[in-house]
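Residues 99 to 283 in the working numbering are what the sequence shown lists, from first letter to last.
Here is the structure we will look at, set down as C-alpha coordinates.
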Amino acid sequence: MPDGGVVNDYVPFYFSPITSFTYTISKGNVELMSPSGDNLGPACEDDRVFLVARVESFRDSGRDFCFSDFALNSNAPLPTLCGDLDCLEAHVHWDMFDEYPYKGRIEELGYNGVCQWFKSMDRPPERMTRSQKRMAEFLVRSAVPLGLIDCLIVKSEVMRDKLNHMMDVSAWNIPIYVKPGCYYQ
(Lines of atoms letter the chains of each structure in order from A and count residues from 1; the text may use other names and numbers.)
(Lines give C-alpha, C1' and ligand atoms only; values in the text may rest on other atoms or scores of the structure.)
Protein backbone atom coordinates (compact mmCIF):
# COMPACT_ATOMS: atom_id res chain seq x y z
CA MET A 1 0.00 0.00 0.00
CA PRO A 2 1.29 3.52 -0.75
CA ASP A 3 1.43 4.61 2.90
CA GLY A 4 2.61 1.23 4.17
CA GLY A 5 0.83 -1.73 5.66
CA VAL A 6 -1.49 -4.12 3.86
CA VAL A 7 -4.96 -3.74 2.39
CA ASN A 8 -6.61 -5.03 5.57
CA ASP A 9 -5.22 -1.97 7.39
CA TYR A 10 -7.62 0.19 5.36
CA VAL A 11 -11.36 0.91 5.47
CA PRO A 12 -12.73 0.41 1.94
CA PHE A 13 -15.36 2.56 0.29
CA TYR A 14 -16.78 2.00 -3.18
CA PHE A 15 -17.71 4.82 -5.53
CA SER A 16 -21.16 3.32 -6.11
CA PRO A 17 -23.78 1.37 -4.16
CA ILE A 18 -24.31 -0.85 -7.23
CA THR A 19 -21.41 -3.29 -7.56
CA SER A 20 -20.91 -7.00 -8.14
CA PHE A 21 -20.13 -7.35 -4.42
CA THR A 22 -23.41 -5.75 -3.31
CA TYR A 23 -25.23 -7.87 -5.89
CA THR A 24 -23.83 -11.12 -4.50
CA ILE A 25 -24.82 -10.00 -0.99
CA SER A 26 -28.38 -9.43 -2.25
CA LYS A 27 -28.41 -13.04 -3.48
CA GLY A 28 -27.39 -14.36 -0.04
CA ASN A 29 -23.97 -15.52 -1.22
CA VAL A 30 -21.81 -13.76 1.39
CA GLU A 31 -21.34 -15.36 4.80
CA LEU A 32 -20.92 -13.02 7.78
CA MET A 33 -18.11 -13.90 10.14
CA SER A 34 -17.83 -12.61 13.70
CA PRO A 35 -14.55 -11.13 14.93
CA SER A 36 -13.91 -14.45 16.68
CA GLY A 37 -14.42 -16.38 13.43
CA ASP A 38 -17.95 -17.70 14.03
CA ASN A 39 -20.13 -17.99 10.92
CA LEU A 40 -23.21 -15.82 11.49
CA GLY A 41 -24.96 -16.92 8.31
CA PRO A 42 -25.55 -15.06 5.07
CA ALA A 43 -25.48 -11.28 4.96
CA CYS A 44 -28.94 -9.81 4.43
CA GLU A 45 -29.45 -6.90 2.09
CA ASP A 46 -32.17 -5.48 4.35
CA ASP A 47 -29.64 -5.10 7.20
CA ARG A 48 -26.96 -3.35 5.14
CA VAL A 49 -26.25 0.32 5.77
CA PHE A 50 -24.21 2.47 3.41
CA LEU A 51 -21.97 5.06 5.05
CA VAL A 52 -21.60 7.87 2.52
CA ALA A 53 -18.73 10.34 2.55
CA ARG A 54 -17.50 12.89 0.05
CA VAL A 55 -14.01 12.09 -1.17
CA GLU A 56 -13.05 15.76 -0.97
CA SER A 57 -13.68 15.68 2.80
CA PHE A 58 -10.54 13.57 3.18
CA ARG A 59 -8.21 16.05 1.46
CA ASP A 60 -7.26 17.95 4.63
CA SER A 61 -8.48 15.39 7.16
CA GLY A 62 -5.07 14.17 8.24
CA ARG A 63 -6.06 10.63 7.25
CA ASP A 64 -3.90 8.47 4.98
CA PHE A 65 -5.96 7.44 1.95
CA CYS A 66 -5.61 6.20 -1.60
CA PHE A 67 -7.87 4.98 -4.38
CA SER A 68 -7.71 2.35 -7.07
CA ASP A 69 -8.70 2.19 -10.72
CA PHE A 70 -9.87 -1.45 -10.49
CA ALA A 71 -11.00 -3.79 -7.73
CA LEU A 72 -8.06 -4.58 -5.48
CA ASN A 73 -8.64 -8.31 -5.97
CA SER A 74 -8.29 -7.98 -9.77
CA ASN A 75 -5.45 -9.88 -11.36
CA ALA A 76 -6.15 -8.82 -14.89
CA PRO A 77 -5.83 -5.96 -15.21
CA LEU A 78 -3.81 -5.26 -12.07
CA PRO A 79 -5.12 -2.30 -10.08
CA THR A 80 -2.96 0.75 -9.49
CA LEU A 81 -3.26 2.97 -6.44
CA CYS A 82 -3.06 6.73 -6.23
CA GLY A 83 -3.14 9.06 -3.24
CA ASP A 84 -3.49 12.39 -5.04
CA LEU A 85 -7.10 13.61 -5.10
CA ASP A 86 -6.23 15.90 -7.99
CA CYS A 87 -5.81 12.73 -10.09
CA LEU A 88 -9.15 11.15 -9.10
CA GLU A 89 -11.06 12.18 -12.22
CA ALA A 90 -8.44 10.68 -14.54
CA HIS A 91 -7.64 7.59 -12.44
CA VAL A 92 -11.12 6.08 -11.93
CA HIS A 93 -13.04 4.79 -14.97
CA TRP A 94 -16.05 7.06 -14.52
CA ASP A 95 -17.41 6.15 -17.96
CA MET A 96 -18.49 2.80 -16.48
CA PHE A 97 -20.44 4.63 -13.76
CA ASP A 98 -22.02 7.35 -15.85
CA GLU A 99 -23.95 5.34 -18.45
CA TYR A 100 -27.73 5.29 -18.74
CA PRO A 101 -29.96 3.85 -17.16
CA TYR A 102 -29.26 5.26 -13.70
CA LYS A 103 -30.08 3.78 -10.31
CA GLY A 104 -29.37 4.79 -6.71
CA ARG A 105 -30.05 8.52 -6.77
CA ILE A 106 -29.49 10.46 -3.52
CA GLU A 107 -31.06 13.86 -4.17
CA GLU A 108 -30.12 15.18 -0.72
CA LEU A 109 -26.42 14.99 -1.66
CA GLY A 110 -26.78 15.96 -5.31
CA TYR A 111 -25.81 12.40 -6.34
CA ASN A 112 -27.54 11.49 -9.61
CA GLY A 113 -26.95 7.78 -9.28
CA VAL A 114 -24.98 5.29 -11.27
CA CYS A 115 -25.56 3.01 -14.22
CA GLN A 116 -27.62 0.07 -13.00
CA TRP A 117 -25.51 -2.33 -15.08
CA PHE A 118 -22.21 -3.44 -13.55
CA LYS A 119 -21.43 -6.76 -15.24
CA SER A 120 -18.62 -7.12 -17.72
CA MET A 121 -19.58 -8.01 -21.29
CA ASP A 122 -17.86 -8.94 -24.54
CA ARG A 123 -18.92 -5.83 -26.45
CA PRO A 124 -18.10 -3.05 -26.69
CA PRO A 125 -14.45 -3.71 -25.72
CA GLU A 126 -14.37 -1.07 -22.97
CA ARG A 127 -17.03 -3.04 -21.08
CA MET A 128 -14.94 -6.23 -20.97
CA THR A 129 -13.65 -5.15 -17.53
CA ARG A 130 -16.66 -3.12 -16.40
CA SER A 131 -17.19 -5.15 -13.21
CA GLN A 132 -13.58 -4.69 -12.09
CA LYS A 133 -13.71 -0.97 -12.95
CA ARG A 134 -16.94 -0.48 -10.99
CA MET A 135 -15.29 -2.05 -7.93
CA ALA A 136 -12.64 0.70 -7.77
CA GLU A 137 -12.02 1.49 -4.13
CA PHE A 138 -11.34 4.51 -1.94
CA LEU A 139 -9.28 3.31 1.02
CA VAL A 140 -8.75 5.09 4.33
CA ARG A 141 -6.03 3.84 6.63
CA SER A 142 -7.03 2.49 10.04
CA ALA A 143 -10.37 4.21 10.75
CA VAL A 144 -12.83 6.78 9.42
CA PRO A 145 -14.02 9.43 11.88
CA LEU A 146 -17.80 9.62 11.91
CA GLY A 147 -17.51 13.38 11.47
CA LEU A 148 -16.50 12.69 7.84
CA ILE A 149 -19.68 10.69 7.12
CA ASP A 150 -22.31 12.76 5.28
CA CYS A 151 -25.22 10.37 5.68
CA LEU A 152 -26.37 6.80 6.14
CA ILE A 153 -28.40 5.08 3.41
CA VAL A 154 -30.84 2.30 4.31
CA LYS A 155 -33.26 0.21 2.32
CA SER A 156 -36.36 0.57 4.51
CA GLU A 157 -38.15 2.66 7.11
CA VAL A 158 -37.72 -0.24 9.57
CA MET A 159 -33.93 0.04 9.40
CA ARG A 160 -34.11 3.85 9.48
CA ASP A 161 -36.16 3.68 12.68
CA LYS A 162 -33.63 1.29 14.31
CA LEU A 163 -30.77 3.59 13.38
CA ASN A 164 -32.67 6.72 14.47
CA HIS A 165 -32.97 5.20 17.96
CA MET A 166 -29.23 4.49 18.02
CA MET A 167 -28.47 7.99 16.74
CA ASP A 168 -30.73 9.54 19.40
CA VAL A 169 -28.74 7.93 22.23
CA SER A 170 -25.36 8.76 20.66
CA ALA A 171 -23.35 11.95 20.30
CA TRP A 172 -23.88 11.86 16.53
CA ASN A 173 -26.51 13.39 14.30
CA ILE A 174 -25.83 11.83 10.92
CA PRO A 175 -28.78 12.06 8.50
CA ILE A 176 -30.40 8.74 7.57
CA TYR A 177 -32.12 8.44 4.18
CA VAL A 178 -34.31 5.60 2.96
CA LYS A 179 -33.18 4.84 -0.60
CA PRO A 180 -34.35 1.42 -1.83
CA GLY A 181 -32.98 2.33 -5.27
CA CYS A 182 -29.46 1.92 -3.85
CA TYR A 183 -30.28 -1.77 -3.33
CA TYR A 184 -31.21 -4.65 -5.64
CA GLN A 185 -34.43 -6.14 -4.33
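Note that beta-carbon positions come from the ideal geometry of N, C-alpha and C, so glycine has one too.
Can you list, in chain order, the residues of its chain with a C-beta nearer than 7 Å to that of residue i? Leave out the 5 residues immediately preceding and following it.
i	result
residue 128	122, 140, 141
residue 189	165, 167, 180
residue 172	230
residue 137	129, 131
residue 255	276
Thinking C-alpha only, which one of the options is nearest residue i?
i	options	result
residue 242	102, 118, 155, 147	155
residue 245	126, 231, 268	268
residue 215	203, 196, 240, 261	196
residue 250	223, 118, 270	270
residue 162	222, 223, 103, 176	103
residue 218	266, 265, 174	174
Identify the continuous beta strand (DSSP E) that holds residue i and give its terminal residues.
i	result
residue 137	137 to 140
residue 110	108 to 112
residue 251	249 to 252
residue 99	Element bounds for residue 99: n/a, residue is neither H nor E.
residue 216	Here residue 216 belongs to no beta strand (DSSP E), and DSSP marks it neither H nor E.
residue 237	235 to 239
residue 129	129 to 131
Which whole-angstrom value is the C-beta distance of residue i and residue j, which I expect to be below 8 Å?
i	j	result
residue 233	residue 108	That belief does not hold up - the Cβ atoms of residue 233 and residue 108 are roughly 15 Å apart, past 8 Å.
residue 200	residue 210	6 Å
residue 153	residue 248	Residue 153 to residue 248, Cβ: 11 Å. No contact.
residue 110	residue 261	Contact flag wrong, Cβ pair sits at about 21 Å.
Excluding five sequence neighbours on each side, which residues of the same chain lie with their C-beta closer than 6 Å to the C-beta of residue i?
i	result
residue 179	100, 164, 166
residue 202	115, 116, 211, 212, 279, 280
residue 224	none
Is it the case that the Cβ atoms of residue i and residue j are separated by a distance below 8 Å?
i	j	result
residue 115	residue 148	yes
residue 258	residue 274	yes
residue 157	residue 183	yes
residue 194	residue 228	yes
residue 170	residue 105	yes
Can you list, in chain order, the residues of its chain whose CB lies under 8 Å from that of residue i, leaving out five sequence neighbours each side?
i	result
residue 253	143, 144, 146, 276, 277, 278, 280, 281
residue 283	124, 143
Residue range of the alpha helix (DSSP H) that residue i falls in?
i	result
residue 119	118 to 124
residue 229	228 to 232
residue 258	255 to 266
residue 187	186 to 189
Cβ of residue i within 7 Å of any heavy atom in the ligand MG?
i	result
residue 123	This structure simply doesn't include the ligand MG, nor any ligand for that matter.
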